[in-house]
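Using UniProt numbering, read the sequence shown as starting at 1 and increasing by one per residue.
The C-beta atom is built at its ideal place from N, Cα and C for all residues, glycine as well.
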Amino acid sequence: DCPDLPRLTCVPATIDLAGAEIELVALDGRESRLRAAVRTHVDGLAQGENRPDYVFIDCPPSLGLLTVNALVAADEMLIPIQCEYYALEGLGQLVRNIELIRSHLNPGLALSTILLTMYDARTRLSSGVAAEVREHFGDTVLATAIPRSVRVSEAPSYSQTVMTYDPTSPGALSYLEAARELARRLPDDPQEGP
1 DCPDLPRLTC VPATIDLAGA EIELVALDGR ESRLRAAVRT HVDGLAQGEN
51 RPDYVFIDCP PSLGLLTVNA LVAADEMLIP IQCEYYALEG LGQLVRNIEL
101 IRSHLNPGLA LSTILLTMYD ARTRLSSGVA AEVREHFGDT VLATAIPRSV
151 RVSEAPSYSQ TVMTYDPTSP GALSYLEAAR ELARRLPDDP QEGP
């Protein structure tokens, strides 16, 4: 649990996860192990007060078995994208991979949200990437963009989020606004789905 955010529970990765990718290779149903674990856990909490409204699974940008497991377990995807050229190329590849996951493993997977990060309005590159993503993905892209920020970068080195490290920083305020924007998009009853 997160002491500063009582309704937030985080299950961080540990060093034990380092060999998981290799261990999964030999298992039957290796692509759906996380889905089974998440559903078993959430269903076990049933209608109790500790039942999560939403489960967010953070993934690396690679498409290894751990990421495939996350995509199979998910109903929707929120993709953060840095406002940089190579991130834009990576987004195109990710969209192609999502189509593969949909066609073979999780037909219900939806790309519901894109969040622009490391945005620097002073540069043409950031503005150009943001414009291209908005043009291609339309309303899927949140209106709020997270600015490039030293405070956002520093927070993890103190084992904190930017929300606890410097809650009044432009980065923290932007993340808060993005969360509000995302909440407005979500159903009032999380069990209803989008």
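Could you name the residues that DSSP lists as bridge partners for methionine 77? Taking the sequence shown and counting its residues from 1, the one referred to as residue 77 is at position 77. In the DSSP output, where bridge partners are listed per residue, methionine 77 has Leu111.
If you reduce the DSSP assignment to three classes, tell me which class valine 150 lands in. For the purposes of this step, residue 150 is taken as the residue at position 150 of the sequence shown. Three-state result, valine 150: helix.
8 Å contact criterion, which valine 38 and alanine 73 should meet: CB distance rounded: Your numbering for residue 38 matches position 38 in the sequence shown. Your numbering for residue 73 matches position 73 in the sequence shown. Right, their Cβ atoms sit about 5 Å apart.
Answer with buried or exposed for serine 169, where buried requires no fewer than 16 other C-beta atoms within 10 angstroms of its C-beta. Counted from its first residue, the sequence shown places residue 169 at position 169. Flag for serine 169 reads buried.
Express the C-alpha separation of arginine 35 and alanine 95 in angstroms, rounding to a whole number. Position 95 of the sequence shown, counting from 1, holds the residue named residue 95. Position 35 of the sequence shown, counting from 1, holds the residue named residue 35. Per the sequence shown, residue 95 should be read as valine rather than alanine. Taking the straight line joining both Cα atoms gives about 21 Å.
Roughly how many whole angstroms lie between the Cα atoms of leucine 88 and isoleucine 81? The count along the sequence shown starts at 1 and reaches residue 88 at position 88. The count along the sequence shown starts at 1 and reaches residue 81 at position 81. Whole-angstrom Cα-Cα distance: 7 Å.
Return yes when the Cβ of proline 61 is within less than 9 Å of the Cβ of glycine 90, no when it is not. For this step, residue 90 is matched to residue 90 along the sequence shown. For this step, residue 61 is matched to residue 61 along the sequence shown. The answer is yes: Cβ separation under 9 Å.
Within the chosen definition, does the stretch 133 to 143 reach the stretch 102 to 109 through at least 3 CB pairs nearer than 8 Å? no
Integer-rounded CB distance, given that glutamate 31 should sit under 8 Å from valine 68: For the purposes of this step, residue 68 is taken as residue 68 along the sequence shown, with counting starting at 1. For the purposes of this step, residue 31 is taken as residue 31 along the sequence shown, with counting starting at 1. So it is a contact: roughly 5 Å between Cβ atoms.
What is the DSSP secondary structure of threonine 14, counted as helix, strand or coil? Reading the sequence shown from its first residue, position 14 is the one you call residue 14. Threonine 14: coil per DSSP, three-state reduction.
With 16 as the cutoff for other CB atoms within 10 Å, does glutamate 123 come out buried or exposed? Stepping through the sequence shown from its first residue, residue 123 is reached at position 123. The sequence given here places threonine at residue 123; glutamate does not occur at that position. When all chains shown are included, threonine 123 counts as exposed.
Is the number of C-beta pairs between the stretch 141 to 155 and the stretch 109 to 127 that are closer than 8 Å three or more? Touching, yes.
What did DSSP end up calling valine 55 once you bin it into helix, strand or coil? Counted from its first residue, the sequence shown places residue 55 at position 55. In the structure shown, valine 55 sits in coil (DSSP, three-state: anything other than H, G, I, E or B).
Taking its Cβ as the centre, do 16 or more other Cβ atoms sit within 10 Å of threonine 9, making it buried, or is it exposed? In the sequence shown, the residue the question calls residue 9 occupies position 9. Flag for threonine 9 reads exposed.
Under 9 Å between C-beta atoms, does alanine 145 make it to chain C? Any reference to chain C falls outside this structure, which holds one protein chain only.
Write down the C-beta distance between residue 279 and leucine 66 rounded to the nearest angstrom, noting that I regard them as a contact closer than 8 Å. Here the chain covers residues 1 to 194 and nothing more, so residue 279 does not appear.
Who are the near neighbours of isoleucine 98 in its chain, counting only those whose CB is closer than 8 Å to its CB and skipping five residues on each side? Locating residue 98 in the sequence shown gives position 98, where the first residue counts as 1. Excluding sequence neighbours, isoleucine 98 sits near Leu71, Met77, Leu109 and Leu111.
What first and last residue would you give for the alpha helix (DSSP H) that runs through glycine 90? The residue labelled residue 90 in the question sits at position 90 within the sequence shown. Looking at the DSSP string, the run of the alpha helix (DSSP H) that includes glycine 90 is 85 to 104.
Sequence-distant residues of its chain with Cβ nearer than 7 Å to proline 167 (five each side left out): The residue you call residue 167 lines up with position 167 of the sequence shown. So no residue of the chain qualifies.
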